[in-house]
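Residue numbers (our numbering), protein chains in the order written: chain Z, 1 to 249; chain R, 250 to 542; chain W, 543 to 876.
First comes the structure, then the notes that go with it.
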Amino acid sequence: MNSLALRGERLTRKWGGVVALDGVSIALHRGEIHALIGTNGAGKSTLVNVLSGEIEASAGSVELGGVDVTRWTQPRRARAGLGRSYQRSTIFPQFTVRENCRLAAQARFQRPWRWWSPASADEPTHRVSRDVARRVGLGEALDREAGSLSHGEKRQLEIAMCLATDPQVLLLDEPLAGMGAEESERMLALLAGLREGHAILLVEHDMDAVFRIADRITVLVDGAVIASGTPRAVRDNPGVQTAYLGGAA
Amino acid sequence: MDLATFLVQCLNALQYGLLLFLVASGLTLIFGVMGVINLAHGSFYMLGAYMAYALAPAFANLGGLGFFATLAAGVVLAVVFGYLLEWAFFSFLYERDHLQQVLMTYGLILVFEELRSLAMGDDVHGVAAPAWLSGSIPLGTLMAYPVYRLFISGVCVLLALGLYAVISRTRLGMMIRAGASNREMVSSLGVDVRQLFRVMFAAGVALAALAGMLAAPVSSVYPGMGNQVLIICFVVVVIGGIGSIRGALAAALLVGAVDTFGKVFFPQAAGVLVYVLMALVLLWRPGGLFKAT
Amino acid sequence: MSARAIRIAVFVAAALALALFPLVGGKFGVDFVTKMMVFAIFALSLELLVGQAGLVCFGQAAFFGIAAYATVLATPRTGAASVWWLLPAALGASGLFALFMGALSIRTRGVYFIMVTLAFSQMAYYVAHDTPLGGGTDGIYLDYTPALGIAGTPLLDLGKPWPFYYFVLAMLVAVFVFLGAILRSRFGHALAGIRVNEQRMRAAGFSTYPYKLAAFVLSGLVAGLAGFLFAVKDGFVNPELMGWNVSGTVLMMIILGGIGHLRGAVIGAFAFSLLEEFFKLDSVFGDFAKHWHLGVGLAIIACVAAMPHGIAGGRLRRATASNTEDAEVHRGKP
Numbered sequence: 001m002n003s004l005a006l007r008g009e010r011l012t013r014k015w016g017g018v019v020a021l022d023g024v025s026i027a028l029h030r031g032e033i034h035a036l037i038g039t040n041g042a043g044k045s046t047l048v049n050v051l052s053g054e055i056e057a058s059a060g061s062v063e064l065g066g067v068d069v070t071r072w073t074q075p076r077r078a079r080a081g082l083g084r085s086y087q088r089s090t091i092f093p094q095f096t097v098r099e100n101c102r103l104a105a106q107a108r109f110q111r112p113w114r115w116w117s118p119a120s121a122d123e124p125t126h127r128v129s130r131d132v133a134r135r136v137g138l139g140e141a142l143d144r145e146a147g148s149l150s151h152g153e154k155r156q157l158e159i160a161m162c163l164a165t166d167p168q169v170l171l172l173d174e175p176l177a178g179m180g181a182e183e184s185e186r187m188l189a190l191l192a193g194l195r196e197g198h199a200i201l202l203v204e205h206d207m208d209a210v211f212r213i214a215d216r217i218t219v220l221v222d223g224a225v226i227a228s229g230t231p232r233a234v235r236d237n238p239g240v241q242t243a244y245l246g247g248a249a
Numbered sequence: 250m251d252l253a254t255f256l257v258q259c260l261n262a263l264q265y266g267l268l269l270f271l272v273a274s275g276l277t278l279i280f281g282v283m284g285v286i287n288l289a290h291g292s293f294y295m296l297g298a299y300m301a302y303a304l305a306p307a308f309a310n311l312g313g314l315g316f317f318a319t320l321a322a323g324v325v326l327a328v329v330f331g332y333l334l335e336w337a338f339f340s341f342l343y344e345r346d347h348l349q350q351v352l353m354t355y356g357l358i359l360v361f362e363e364l365r366s367l368a369m370g371d372d373v374h375g376v377a378a379p380a381w382l383s384g385s386i387p388l389g390t391l392m393a394y395p396v397y398r399l400f401i402s403g404v405c406v407l408l409a410l411g412l413y414a415v416i417s418r419t420r421l422g423m424m425i426r427a428g429a430s431n432r433e434m435v436s437s438l439g440v441d442v443r444q445l446f447r448v449m450f451a452a453g454v455a456l457a458a459l460a461g462m463l464a465a466p467v468s469s470v471y472p473g474m475g476n477q478v479l480i481i482c483f484v485v486v487v488i489g490g491i492g493s494i495r496g497a498l499a500a501a502l503l504v505g506a507v508d509t510f511g512k513v514f515f516p517q518a519a520g521v522l523v524y525v526l527m528a529l530v531l532l533w534r535p536g537g538l539f540k541a542t
Numbered sequence: 543m544s545a546r547a548i549r550i551a552v553f554v555a556a557a558l559a560l561a562l563f564p565l566v567g568g569k570f571g572v573d574f575v576t577k578m579m580v581f582a583i584f585a586l587s588l589e590l591l592v593g594q595a596g597l598v599c600f601g602q603a604a605f606f607g608i609a610a611y612a613t614v615l616a617t618p619r620t621g622a623a624s625v626w627w628l629l630p631a632a633l634g635a636s637g638l639f640a641l642f643m644g645a646l647s648i649r650t651r652g653v654y655f656i657m658v659t660l661a662f663s664q665m666a667y668y669v670a671h672d673t674p675l676g677g678g679t680d681g682i683y684l685d686y687t688p689a690l691g692i693a694g695t696p697l698l699d700l701g702k703p704w705p706f707y708y709f710v711l712a713m714l715v716a717v718f719v720f721l722g723a724i725l726r727s728r729f730g731h732a733l734a735g736i737r738v739n740e741q742r743m744r745a746a747g748f749s750t751y752p753y754k755l756a757a758f759v760l761s762g763l764v765a766g767l768a769g770f771l772f773a774v775k776d777g778f779v780n781p782e783l784m785g786w787n788v789s790g791t792v793l794m795m796i797i798l799g800g801i802g803h804l805r806g807a808v809i810g811a812f813a814f815s816l817l818e819e820f821f822k823l824d825s826v827f828g829d830f831a832k833h834w835h836l837g838v839g840l841a842i843i844a845c846v847a848a849m850p851h852g853i854a855g856g857r858l859r860r861a862t863a864s865n866t867e868d869a870e871v872h873r874g875k876p
């Protein structure tokens, strides 16, 4: 069975005269955690935005599960199984954890014309909400207001909302951002547990975490891929060493 | 349409646009830099016009200079008024969200209208242009163009240049431009943001009031003139891009042209054309024509 | 008593009070409260858009005015029209305009959205003001009050104050209950999500454009109902009904009452109207009463300064175990 879940082929993105992405190709396989690293401004966020559909590529294509989705909008890609989390939490602070997850799950079961039926009676979305909250470790916090969660818990909720839509591909933008040691450990364990059944793109700055958990690593500098392969291969790559040790860009 | 008529309409469009620019520049700065939506901005225009009417007799015995004295006195009063108003009222609006600002400044419009009504009544007044400016310049054989309107345009152009010079060449201008992009940064650099805002606000009020004073001989002085100009100025600010002086100028001239020529060619649709223009611009460029200064 | 039960009790009590009011209201009272109820419906339409969907529309008067004009223009010169087709016709007109306005405006954001909606309503205003279609500044009169009947037998004489009062009350209650259900539904929850964080909703897979457009049209229909009722009540329409002052006034009403609750819209409509009437009283202000705008202006400023969340918005939501999602998807609570 073909495990290739998402492929970006020669993606280019220009803003006026600036080239943010220069012919970047990347492949995500099911059961794999693929890390994306690079210096600040290297184009990591741009690549994720192009893959998720928030920004249009100037050139190149994106294939999701073998289907060309280059022209698809983000919601359409999301419904087709492409989930993403954001570096700055995009949870709904004034809703409960339960409602956060339920609302995300509702994307799969929309049926908005049934105006007489209250959302609170919506069994499928509630079931999904409970499941994903438990999966990320927030099972006890279902009725707490999301804004009152700790930073680490908010990042967990962010992942839960991703999972609520039952995606095949997960684009995770710095899920460890701002976390302390203990919270990071929990998150890493969670991510490792997600490996099976999902293709995961992990954008991260925390090199220890990356080398521990990633199955493949792609290195982006100035919008272009300078290395891609197993963690060992990347670590031993002289170009990568210069980029990081030489203090490039 | 023959050349002379066309020229007249062009000059009218220019004059109207430049007056709009005076009012709109204050509005866009206050909105762009201080983040406050001020619905009462039109009231300052109205107050300026009424000041021109009220102050004119005081300086009548100065002959030709009386007019300039009126303008000067009006501007000084407007600056003082603006400064005090910012201190007493507007400084509290920065913390509030836009909807609350809309509501509070709407209340202010009502207050200003009624205070004006109490102080100076509801009649429509005329204000005479100074004698030495009330002639006409002949254009071609049949038409003549009022000198006073040219004077208005001239003053506005000078002010526009002055504004440009201040914004792009002086330290004050630099702080304003910085403030338009990043308020917190500016204050963390040690600039007294409160003072800066107070000065800017007072300047905005003065510009609007001055526009009202200049316009008084041409458009006469009547209640409700503030509201009319307000809504058009919002259109100008939005088309030009919030916070951009350049945008306000471009948009004001555009609006002046569309309105003036619209009235000539499509008298039935005249009022609506400016709004069609705005809708078209926003559908093409949802953020207005220019970015913030 | 749970919070939900209290809310329902208050709602029933208020409806009852309104139902009994004509017995003590007198002619002026009944007329005045009828007007307030029409504006309450108008305010509810805007609350759906602003409070729930987060779309601050400054052109609500267009839907109101267009429906009012449609009511008058569609009434045949020969006799009374039946409510059964006249009302849908009026709603159709305002709904269609809402579809048009929404489709084009939703692409813009923030203050630009506010201004685009203003622009569209100004277009409607100028069509009524400057073209023969609208009858010009003088406005047009409603020739015949629409007839409400079934198979020939009249049900209510809408031309008389009391029957019309109860008709409007019934409409208000129906709209309130209907919008309450909408806000509790999946659709309503999705709108709330779009208001709080549209990006997250899109990332989850919601196409947000159709949702916002639907909210627009729904809002336009409810505002159209208010416009229809207004035209029937006054028997006269003029372009000012579509003016930006009206859009501004209804926005004031919901801000005053408290954004985020349906009851805020009703409370705001009533409070604003009462405020206006109070400051017009000769008995209190004597000669000064003609400057009632001053009082209203100062009162608005004072209210917003003291109660930033409006009259009804004081309490913060409590997310207790018993009324979770329902409680806070917040607002949208009757």
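The beta-carbon is built from N, C-alpha and C at its ideal position, and this holds for glycine as well.
No experiment lies behind these values; they were computed from the predicted model shown.
Linking ALA841 of chain W to TYR471 of chain R through their CA atoms gives a straight-line distance of about 25 Å. Here THR695 of chain W is exposed. Its C-beta has fewer than 16 other C-beta atoms within 10 Å. Look at MET392 of chain R here: in three-state DSSP terms it is strand. Taking each of Z:GLY83, Z:VAL219, Z:MET179 in turn and checking the Cα distance to ASP166 of chain Z, the smallest one comes out for Z:GLY83. Using a C-beta cut-off of 8 Å, the region 555-562 of chain W makes no contact with the region 766-778 of chain W, since fewer than three inter-stretch Cβ pairs fall below that distance.
Taking a C-beta cut-off of 8 Å against chain W, the contacting residues of the region 489-522 of chain R are ILE491, GLN517, ALA518, ALA519, GLY520, VAL521, listed in chain order. With 16 or more other Cβ atoms from the protein chains shown falling within 10 Å of its own Cβ, LYS154 of chain Z counts as buried. For chain Z, the residues of the region 740-759 of chain W that bring a beta carbon within less than 8 Å of one of its beta carbons are GLN741, ARG742, MET743, ARG744, ALA745, ALA746, GLY747, PHE748, SER749, THR750, TYR753, ALA756, in chain order. Of all alpha-carbon atoms in W:LEU615, W:LEU646, W:ALA811, the one lying nearest the alpha-carbon of ALA631 of chain W is that of W:LEU615. Non-local beta-carbon contacts of GLY60 of chain Z in its own chain, meaning distances under 6 Å to residues more than five positions away in sequence, involve GLU9, ARG10, LEU11, THR12 in chain order. At least one CB of chain W lies nearer than 8 Å to the CB of ARG111 of chain Z.
Between the C-alpha atoms of TYR397 of chain R and GLY596 of chain W there is a straight-line separation of about 48 Å. The alpha carbon of GLN74 of chain Z has as its nearest neighbour, out of W:GLY747, W:LEU565, W:ALA551, W:LEU697, the alpha carbon of W:GLY747.
The criterion of a C-beta distance shorter than 8 Å is not satisfied by ALA745 of chain W and ILE583 of chain W. By the rule that beta-carbons nearer than 8 Å mark a contact, GLN168 of chain Z does not touch chain W.
Rounded to the nearest whole angstrom, the CA to CA distance from GLY607 of chain W to TRP627 of chain W is 18 Å.
Here the region 323-335 of chain R makes no contact with the region 498-505 of chain R; the two share fewer than three CB pairs at distances below 8 Å. Taking all protein chains shown into account, ILE159 of chain Z has 16 or more neighbouring C-beta atoms within 10 Å of its C-beta and is therefore buried.
Taking the Cα positions, GLY137 of chain Z is about 24 Å away from MET207 of chain Z.
Beta-bridge partners assigned by DSSP to ASP173 of chain Z: Z:VAL203. Restricting attention to beta strand (DSSP E) runs no shorter than 3 residues, the region 348-435 of chain R encloses them at 385-388, 392-395, ordered along the chain. Going by DSSP, ARG7 of chain Z is part of the beta strand (DSSP E) stretching over 4-15. In this structure, the alpha-carbon of LEU538 of chain R lies about 6 Å from that of ILE488 of chain R.
DSSP links SER624 of chain W through a beta bridge to W:ALA689. For VAL598 of chain W, the three-state secondary structure derived from DSSP is coil.
Straight-line measurement puts the Cα of LYS512 of chain R at about 14 Å from the Cα of THR254 of chain R. The alpha-carbon separation between SER663 of chain W and VAL19 of chain Z amounts to approximately 42 Å.
For SER366 of chain R, the chain W residues whose C-beta falls within less than 7 Å of its own C-beta are HIS833, listed in chain order. Taking 8 Å as the CB threshold, ALA528 of chain R lines the interface with chain W. The region 699-717 of chain W makes no contact with the region 632-644 of chain W: fewer than 3 CB pairs, one atom from each, lie closer than 8 Å. For LEU532 of chain R, the C-beta contacts it makes with chain W under 7 Å involve LEU646, ARG649, in order along the chain. Between LEU36 of chain Z and LEU201 of chain Z, the CB-CB gap stays under 8 Å.
Within 10 angstroms of the beta-carbon of HIS731 of chain W lie 16 or more other beta-carbons, which makes it buried. The beta carbon of SER148 of chain Z is closer than 8 Å to none in its chain, skipping five residues each way along the sequence. At a cut-off of 8 Å, the C-beta of PRO535 of chain R has a neighbouring C-beta in chain W. Residue-level contact by beta carbon fails for ALA854 of chain W and chain Z, as no gap is shorter than 8 Å.
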